[in-house]
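Chains as they are written, first to last, in the numbering used here: chain R, 107 to 547; chain S, 38 to 149.
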Amino acid sequence: MPLVGGGRLPLAFIGGGALAFVAAAGWLALVARQGPPVFAHPAVVAIAHLWLPGFLLSVCLGATYQLMPVVLGAPPRLREGWLWTHAGLHFTGVALLVAGLAGGRYLLAGAGGLLATGGVAVLVATTLRTFLVSKRRDAAAWSFVFAAGWLLATVTAGALLAANRRHGFLPLSTLDLLRAHAHLGLVGYFATLLQGVTFQLVPMFTLGEARRPRLALAGLAATQMGMPFLAAGLAWGARGLALIGASAAVTGLGASGAAFAATLASRRRRRLDPGVRAFVLGLGLLAAGAAGGLGLVFFEVGAERFFALAGAYGLVVVAGGLSLAVLGMLAKILPFLVWMRAYGPRVGKNPVPLATTLSSRPLEELWLGAHLAGLALLVGGLLAGAARVSAAGAALLALGALVWLANAARVAGHLRTRPAATRATPASSPVASISSHESLR
Amino acid sequence: MNPSADHPLVPALLDACGRVYDPEFGVSVRDLGLIYDIDVDKTGAVVATMTLTSMYCPAGEVLTEGVRSALEAVPGAGPVRVDLVWEPAWTPELLTPAARAQLGWNEPTTRE
Numbered sequence: 107m108p109l110v111g112g113g114r115l116p117l118a119f120i121g122g123g124a125l126a127f128v129a130a131a132g133w134l135a136l137v138a139r140q141g142p143p144v145f146a147h148p149a150v151v152a153i154a155h156l157w158l159p160g161f162l163l164s165v166c167l168g169a170t171y172q173l174m175p176v177v178l179g180a181p182p183r184l185r186e187g188w189l190w191t192h193a194g195l196h197f198t199g200v201a202l203l204v205a206g207l208a209g210g211r212y213l214l215a216g217a218g219g220l221l222a223t224g225g226v227a228v229l230v231a232t233t234l235r236t237f238l239v240s241k242r243r244d245a246a247a248w249s250f251v252f253a254a255g256w257l258l259a260t261v262t263a264g265a266l267l268a269a270n271r272r273h274g275f276l277p278l279s280t281l282d283l284l285r286a287h288a289h290l291g292l293v294g295y296f297a298t299l300l301q302g303v304t305f306q307l308v309p310m311f312t313l314g315e316a317r318r319p320r321l322a323l324a325g326l327a328a329t330q331m332g333m334p335f336l337a338a339g340l341a342w343g344a345r346g347l348a349l350i351g352a353s354a355a356v357t358g359l360g361a362s363g364a365a366f367a368a369t370l371a372s373r374r375r376r377r378l379d380p381g382v383r384a385f386v387l388g389l390g391l392l393a394a395g396a397a398g399g400l401g402l403v404f405f406e407v408g409a410e411r412f413f414a415l416a417g418a419y420g421l422v423v424v425a426g427g428l429s430l431a432v433l434g435m436l437a438k439i440l441p442f443l444v445w446m447r448a449y450g451p452r453v454g455k456n457p458v459p460l461a462t463t464l465s466s467r468p469l470e471e472l473w474l475g476a477h478l479a480g481l482a483l484l485v486g487g488l489l490a491g492a493a494r495v496s497a498a499g500a501a502l503l504a505l506g507a508l509v510w511l512a513n514a515a516r517v518a519g520h521l522r523t524r525p526a527a528t529r530a531t532p533a534s535s536p537v538a539s540i541s542s543h544e545s546l547r
Numbered sequence: 038m039n040p041s042a043d044h045p046l047v048p049a050l051l052d053a054c055g056r057v058y059d060p061e062f063g064v065s066v067r068d069l070g071l072i073y074d075i076d077v078d079k080t081g082a083v084v085a086t087m088t089l090t091s092m093y094c095p096a097g098e099v100l101t102e103g104v105r106s107a108l109e110a111v112p113g114a115g116p117v118r119v120d121l122v123w124e125p126a127w128t129p130e131l132l133t134p135a136a137r138a139q140l141g142w143n144e145p146t147t148r149e
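Listed below in structure tokens is the structure:
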């Protein structure tokens, strides 16, 4: 399957996401120096949007546009121009959204959200059209469709939240709507995507097999069934409904986790490199976060304690689980994409480096260590009410982000490699062919 | 399945496949066991039959094209055709001992 847009489109999304990661981590460090991050403070909400749609979503979109055609065995069924339109709408939208939220200019934020929603519509159309021509119907294939749908629901809920805050046409609490909006994105989009692509990516990078595929599919289905109850229960403040939804979603995540453990055990490359290790750690933190989230729904605590626990939950899930899972896979995907573009055409003609040698192993280890230590301090400081510990953790997290960026820049530097002159090859006979393209469909 | 060795050019062609590496694992397509057969007819035309570790391998086209280029560069080789097949499916049993050692995987092969 050829690279989408010659690899430029996925790399554009990933590059934008990488810059947003460093900016968000740096901003968080600055905010944390002024005291513990206050829940729903405009700067914190802006950072959350720079981190989630700016960093994590951008990277996932880039990976999706590369991976979806591979998984579904068909190129994206929408013109490339539309996909670039998505990139434009997405990055412009997120920039306006973050600027608007940070400055309390909600009209600007709304305009940004609208543009980002337009981009999501392009993703939904591409996903549906490509899925319909594909015959593959396992967890990996279905996850693209469900994730795209929940992403549309997320941005719609965000728009509803913003509009309701201004006009108050729905008798719903802003905080409840915010929780529903957040979980549509966190569980509906990100967790759903992970419940599928994990079974494509992990075997690919470890030379393993996707084991227990029925359990993986059942896990995905359970999460999807739980999501409407969870979202509605959170939005309407209906605890019973939220409990049903959260229980189903967590059960689904558990089933996917069991299938993932079996898949990881099947690997032929025994030693886990930092990228795969970060991914596995990320999934572990997601499991811990999911259990914590369930606890937050089940057990009632005082308001002050609730906000500290909710903050810790958000950090473990977003800065921990999701970020490590996404950055871990990015540590594998980015060198591969760059290698495909820079060296793929030379394979068999000239010696080429391996994709795994494009990045620096010491930098990867340093980033992972700094990220984990920073997260531990940030969460620990928040729970203990120790602002200085939280600030140190945020600073360490930002340092880790800079190290990560340095490594990513090193990898991307290979794109400047000039293609060597292609050797003259003997004329092919009329029957000479490469049948891979057709066979992959 | 083993590449046929009944033509004097075949060892050189296999060596050429040994210089086409999977970008992720650093193991050649030959040691991964992806080359099922190489036929050379009396005019020197080469037909290589190969597979991939997965139908969804994103580097598939690069690897098949790389094998074609590597085979074309072998002195004496005529026109080259690379056929990609999925039957029989690739299994880890096809990894050479050298590839297993490189991957750190030396356990007996079992498939669930």
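Backbone N, C-alpha and C define an ideal beta-carbon position, used for all residues, glycine too.
On a predicted model such as this, the values are computed, not experimentally measured, just so you know.
Val47/S versus chain R: which residues are under 7 Å apart at the beta carbon? Within 7 Å Cβ-Cβ: nothing; Val47/S doesn't reach chain R, min ~17 Å.
Determine the burial state of Phe404/R: buried for a count of at least 16 other Cβ atoms within 10 Å of its Cβ, exposed for fewer. exposed
Using a Cβ-Cβ cut-off of less than 8 Å, give me the residues of the segment 310 to 327 of chain R that come near chain S, in sequence order. Met310, Phe311, Leu313, Glu315, Arg317
Distance check for Thr304/R and Pro125/S, CA to CA, integer angstroms please. So the alpha carbons of these two residues sit roughly 26 Å apart.
Met435/R: first and last residue of the uninterrupted alpha helix (DSSP H) it sits in: 429 to 448
Could you give the residue range of the beta strand (DSSP E) that holds Val177/R? From DSSP, Val177/R is part of no beta strand (DSSP E) but of the alpha helix (DSSP H) over 164 to 178.
Looking at the secondary structure, which residues open and close the beta strand (DSSP E) in which Val84/S lies? 83 to 87
Proximity test, Cβ basis, 8 Å: Met38/S and chain R: Caution applies to Met38/S, whose pLDDT of 49 falls short of 50 and renders its modelled position unreliable; the value that the coordinates give is listed next. No, its Cβ sits nowhere closer than 8 Å to a Cβ of chain R.
Chain-ordered chain S contacts of Met446/R [CB-CB under 9 Å]: Per Cβ cutoff of 9 Å: Pro60, Pro95, Ala96, Val99.
What residues are listed by DSSP as bridge partners for Asp68/S? Answer is none; Asp68/S lacks a bridge partner.
State buried or exposed for Leu276/R, treating a residue as buried only when at least 16 other CB atoms are found within 10 Å of its CB. exposed
Using three-state DSSP, classify Leu125/R as helix, strand or coil. helix
Identify the residues that DSSP records as bridge partners of Tyr58/S: which are they? Ser65/S
Quick one: Cα of Leu484/R to Cα of Pro159/R, how far? 22 Å
Quick one: using the 10 Å Cβ neighbour count with 16 as the cut-off for buried, is Ser465/R buried or exposed? By the neighbour-count rule (16 or more Cβ atoms within 10 Å), Ser465/R is buried.
Ser362/R and Leu421/R - do their beta-carbons sit closer together than 8 Å? no
In chain order, what residues of the same chain have a beta carbon less than 6 Å from the beta carbon of Gly343/R, not counting five sequence neighbours either side? Asp282
Just mark Glu130/S as buried or exposed, buried being the case when its beta carbon has 16 or more other beta carbons within 10 Å. It is exposed - the Cβ of Glu130/S has fewer than 16 other Cβ atoms within 10 Å.
Kindly indicate if chain S contains any beta-carbon less than 8 Å away from that of Arg114/R. no
Give me the residue from Ser106/S, Met87/S, Leu108/S with the minimum Cα distance to Asp74/S. Nearest of Ser106/S, Met87/S, Leu108/S to Asp74/S, Cα basis: Met87/S.
Taking Leu299/R as the reference, give the member of Ala245/R, Leu278/R, Ala338/R with the closest Cα. Ala245/R
Is it buried or exposed for Leu238/R, if we count other Cβ within 10 angstroms and need 16 for buried? exposed
Could you pull out every residue in the same chain whose Cβ sits closer than 6 Å to the Cβ of Arg373/R, ignoring the five residues on either side in sequence? Thr312, Gly314
Within 8 Å, do at least three Cβ pairs link the segment 423 to 430 of chain R to the segment 382 to 396 of chain R? yes
Select from the segment 448 to 461 of chain R all residues with a C-beta closer than 9 Å to any C-beta belonging to chain S, and list them in chain order. Tyr449, Gly450, Pro451, Arg452, Val453, Gly454, Lys455, Pro457, Val458, Pro459, Leu460, Ala461
Opposite Asp74/S in the DSSP bridges: which residues? Thr86/S
Counted within 10 angstroms of its Cβ, other Cβ atoms place Trp123/S as buried (16 or more) or exposed: exposed
CA-to-CA distance, Arg318/R to Phe366/R, given in whole angstroms: 8 Å
Could you tell me which chain S residues have their CB closer than 8 Å to the CB of Arg377/R, listed as they occur along the chain? Gly141
Please state the DSSP three-state secondary structure of Leu546/R. Here Leu546/R scores only 27 on pLDDT, less than 50, and its place in the model should not be relied on; the value that follows carries that caveat. Note: Leu546/R maps to helix in three-state DSSP.
Comparing alpha-carbon positions, which option in Leu370/R, Ala193/R, Leu189/R lies nearest Gly123/R? Ala193/R
Return the residue from the list Pro468/R, Leu359/R, Met331/R, Gly401/R that minimises the CA-CA distance to Gly302/R. Leu359/R
Would the segment 207 to 224 of chain R count as touching the segment 258 to 267 of chain R if we require 3 or more Cβ pairs under 8 Å? yes
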